[in-house]
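Student: For the sequence shown, our numbering assigns the number 53 to the initial residue and increments by one for each residue that follows.
C-beta atoms are modelled at their ideal positions from N, C-alpha and C, and glycine is treated no differently.
Below you will find the structure I want to go over with you.
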Amino acid sequence: MNSIETFIALNRFGLGARTDEIALVERSPRSWFERQIDPRTPVPAVLSRFPGSAEILKDYYAARLSGSRELRKEIRKRQQRGFIEETVARARYMVVSETPFAERMVLFWSNHFTVSRTKANIGPAIPAYEREAIRPHLFGRFEDMLLAVVGHPVMLSYLDNSVSVGPRSKAGRRRGRSLNENLAREVLELHTLGVNGGYTQSDVTEFAKALTGWTHGGMVGKKQRHKVHGRFVFRNIIHEPGAKTVMGKTYRQNGVKEAQAILRDLVHHPATARFIATKLVRHFVADEPPLAAVRAVADTFRRTGGDLAAVSRSLYTLNALWREPLPKVKTPYELVISTYRALGISDLKARHLRSPLTSMGQEPFRAPSPQGWPEQASH
C-alpha cells in the first residue's frame, strides 16, 4: 500500500483492505468511493433468501398464544438457528463485499437505530429488521429510513410502543392501561434532535400520544389467535384522541398520519441535521468531532432535506478526514471483519464470529441499551 490516502480510504470508508482491492483504490480512491453510493443499491441476494420479520414474529406470537410448551420450544430452536445462519451470512457478505462503504453505512445506521437481543421476543427478527428498514434506505432519504424504522414491528416491540395505550382512548378508558413514552423519547433523543435538541418532557408526552395505536399483529388475545400476524398495524381503539402539540406545532387528530407528520417535521429540524452530522463525523473522523466538519455535513443534510447519498459524499470532502491515518480505533466487529478481509477467508462459521466477539464484548445485535454501541476509542 503506497499511499496514506489509500490506507485511509480502505480503513475509514471501507472495512479493511482485501488484497485485490489495494491497487484498485490506489488508482482512484474517489472513483472507488463514488461507485458505492447508489440509491438503488439492492438488498444482497444472499440475505434476501431469509424469512422476513413478519413471518418470524407471526410464528413467535402464534406459538405463544397456542399454549403449547413443545411448540414454543420448537419455534425458539428453529428461529435461533435462522438467526445464527443470517448473522453468519451477513458477516460473510461483508468480508467479500466490493462495496464496503455501503456495508459500513449499514453498521452505522443499524447502530444509530439500535434494537437489541436483550429483548428476547424480537431477537430472531433483528437481522430481518436491518434488511427491511435500514438497507433499502442507505443512500435514499433519511425521512424514509426514519419512517421505516419507527413503524417497524421490531422497533415498536423493542421500545414498548406496541403496548402503549392512550389514556383517553376507548381501550384506555375501559381497561385503565397506560401510555408508554419509550419510543417517543428515544426518537427525539437518539434518532433525530439529540439530547440537547430543544425538546421538553411535554413534547415527549405529546409525541407518545401521537404514536399510540402504532403496533403489530402479534398483539391479539387468545380469542383472536386466528388473526395473529407480524406486520405493522394501526389500532384506533388504543389511539389517544385529540390534537397534539410537539416542538411548538399543533397536529390535528388524524390517526396514523399524526405521528408520520411529526416524524417528517423532526427530519427537517436544524437540531436533527447537527445531531446526525456530529455522529457521522465522530464515526468517520475523530472521537472529538471537528466543528468545521460537523457544520459542513450538517449544511449538506439541511440543504438536501436529508438526502443520504449527498450526505455520504460530503464526508469525502472533509479535510480533517485525510490528515491523520489512525485517529479511530476499530470496533470489535470491524476488527473481525477486516481481519478476515485481509486474510481472504470468506467461508466463516458461527464460531469464527461468536468466539472473538463474545471475548471482546460485542456480540452481534446485542447492544446494551437503545444508545447502541459507543463510538469512542476509550470504550
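Which residues mark the beginning and the end of the beta strand (DSSP E) in which residue 285 is found?
Tutor: One-based indexing of the sequence shown puts residue 285 at position 233. Note, residue 285: beta strand (DSSP E), 284 to 286.
Student: Please tell me whether residue 339 and residue 428 are closer than 8 Å, where the distance is taken between their beta carbons.
Tutor: For the purposes of this step, residue 339 is taken as the residue at position 287 of the sequence shown. For the purposes of this step, residue 428 is taken as the residue at position 376 of the sequence shown. Cβ distance < 8 Å, so residue 339 and residue 428 count as in contact.
Student: Where residue 430 and residue 115 are concerned, what is the direct C-alpha to C-alpha distance, given to the nearest angstrom?
Tutor: Position 378 of the sequence shown holds residue 430. Position 63 of the sequence shown holds residue 115. Distance between the alpha carbons of residue 430 and residue 115: 43 Å.
Student: For the beta strand (DSSP E) containing residue 425, list its first residue and its last residue.
Tutor: As a first step, residue 425 must be located in the sequence shown, where it is residue number 373. Premise fails: residue 425 is in no beta strand (DSSP E) and is neither H nor E.
Student: Starting from residue 267, follow the beta strand (DSSP E) in both directions and report where the run begins and ends.
Tutor: Against the sequence shown, residue 267 aligns to sequence position 215. First-last of the beta strand (DSSP E) with residue 267: 266 to 268.
Student: So, are the CB atoms of residue 342 and residue 362 less than 8 Å apart?
Tutor: By 1-based counting over the sequence shown, the position of residue 342 is 290. By 1-based counting over the sequence shown, the position of residue 362 is 310. No; because the gap between Cβ atoms is not below 8 Å, this pair is not in contact.
Student: Among the residues of its own chain, which have a CB less than 8 Å from the CB of residue 162, if the five just before and after it don't count?
Tutor: In the sequence shown, the residue the question calls residue 162 occupies position 110. Excluding sequence neighbours, residue 162 sits near 182, 186.
Student: Can you give the Cα-Cα distance for residue 111 and residue 235, rounded to whole angstroms?
Tutor: Your numbering for residue 111 matches position 59 in the sequence shown. Your numbering for residue 235 matches position 183 in the sequence shown. Near 24 Å, if we compare the C-alpha coordinates of residue 235 and residue 111.
Student: State the DSSP-derived secondary structure class of residue 363, mapped to helix, strand or coil.
Tutor: For the purposes of this step, residue 363 is identified with residue 311 of the sequence shown, where counting begins at 1. In the structure shown, residue 363 sits in a helix (DSSP, three-state: H, G or I).
Student: May I ask which residues mark the beginning and end of the beta strand (DSSP E) holding residue 303?
Tutor: Against the sequence shown, residue 303 aligns to sequence position 251. Counting along the chain, the beta strand (DSSP E) containing residue 303 begins and ends at 301 to 303.
Student: Mind reading off the beta-carbon distance from residue 255 to residue 207? Whole number of angstroms is fine, and I expect it under 8 Å.
Tutor: Position 203 of the sequence shown holds residue 255. Position 155 of the sequence shown holds residue 207. 19 Å between Cβ atoms; not a contact.
Student: From the DSSP output, read off the bridge partner residues of residue 298.
Tutor: Here residue 298 refers to the residue found at position 246 of the sequence shown. Residue 298 is bridged to 301.
Student: Would you mind reading off the limits of the alpha helix (DSSP H) that contains residue 70?
Tutor: In the sequence shown, counting from the first residue as 1, residue 70 sits at position 18. Careful: residue 70 lies outside any alpha helix (DSSP H) and carries neither H nor E.
Student: Pairs of beta-carbons, one from the region 188 to 199 and one from the region 220 to 236, closer than 8 Å: are there three or more?
Tutor: These segments do not touch.
Student: How far does the alpha helix (DSSP H) with residue 358 in it extend, from its first residue to its last?
Tutor: Position 306 of the sequence shown, counted from the first residue, corresponds to residue 358. Neither: residue 358 is in no alpha helix (DSSP H) and is coded neither H nor E.
Student: Between which two residues does the alpha helix (DSSP H) holding residue 105 run?
Tutor: Counting from one through the sequence shown, the residue named residue 105 turns up at place 53. Segment 105 to 118, the alpha helix (DSSP H) holding residue 105.
Student: Quick check on this structure: which residue in 307, 356, 305 has the alpha carbon closest to the alpha carbon of residue 321?
Tutor: The residue labelled residue 321 in the question sits at position 269 within the sequence shown. The shortest C-alpha separation from residue 321 is found at 356.
Student: Assuming residue 105 and residue 282 form a contact by the criterion Cβ under 8 Å, report the distance between their Cβ atoms to the nearest whole angstrom.
Tutor: Counted from its first residue, the sequence shown places residue 105 at position 53. Counted from its first residue, the sequence shown places residue 282 at position 230. Their Cβ separation, rounded to whole angstroms, is 6 Å, which keeps residue 105 and residue 282 in contact under 8 Å.
Student: Can you grab the Cα-Cα spacing for the pair residue 95 / residue 157, in whole Å?
Tutor: Along the sequence shown, one-based indexing puts residue 95 at 43. Along the sequence shown, one-based indexing puts residue 157 at 105. Using only the alpha carbons, I get a separation of about 13 Å.
Student: Cα separation between residue 212 and residue 389?
Tutor: Counted from its first residue, the sequence shown places residue 212 at position 160. Counted from its first residue, the sequence shown places residue 389 at position 337. So the two alpha carbons sit approximately 33 Å from each other.
Student: Thinking C-beta only, is residue 247 closer than 8 Å to residue 241?
Tutor: In the sequence shown, the residue the question calls residue 241 occupies position 189. In the sequence shown, the residue the question calls residue 247 occupies position 195. Yes, the Cβ-Cβ distance between residue 241 and residue 247 is below 8 Å.
Student: Going by DSSP, which residues form a beta bridge with residue 92?
Tutor: By 1-based counting over the sequence shown, the position of residue 92 is 40. Its beta-bridge partners do not exist; DSSP assigns none.
Student: Hey, is the region 56 to 63 in contact with the region 373 to 386, meaning 3+ C-beta pairs nearer than 8 Å?
Tutor: Flag = yes, the region 56 to 63 and the region 373 to 386 touch.
Student: Taking residue 143 as part of the alpha helix (DSSP H), name the residues at either end of that continuous run.
Tutor: On the sequence shown, position 91 is the one that residue 143 refers to. 121 to 148 is the extent of the alpha helix (DSSP H) around residue 143.
Student: Measuring CB to CB, does residue 346 end up less than 8 Å from residue 333?
Tutor: The residue you call residue 346 lines up with position 294 of the sequence shown. The residue you call residue 333 lines up with position 281 of the sequence shown. Yes, Cβ-Cβ distance for residue 346 and residue 333 is below 8 Å.
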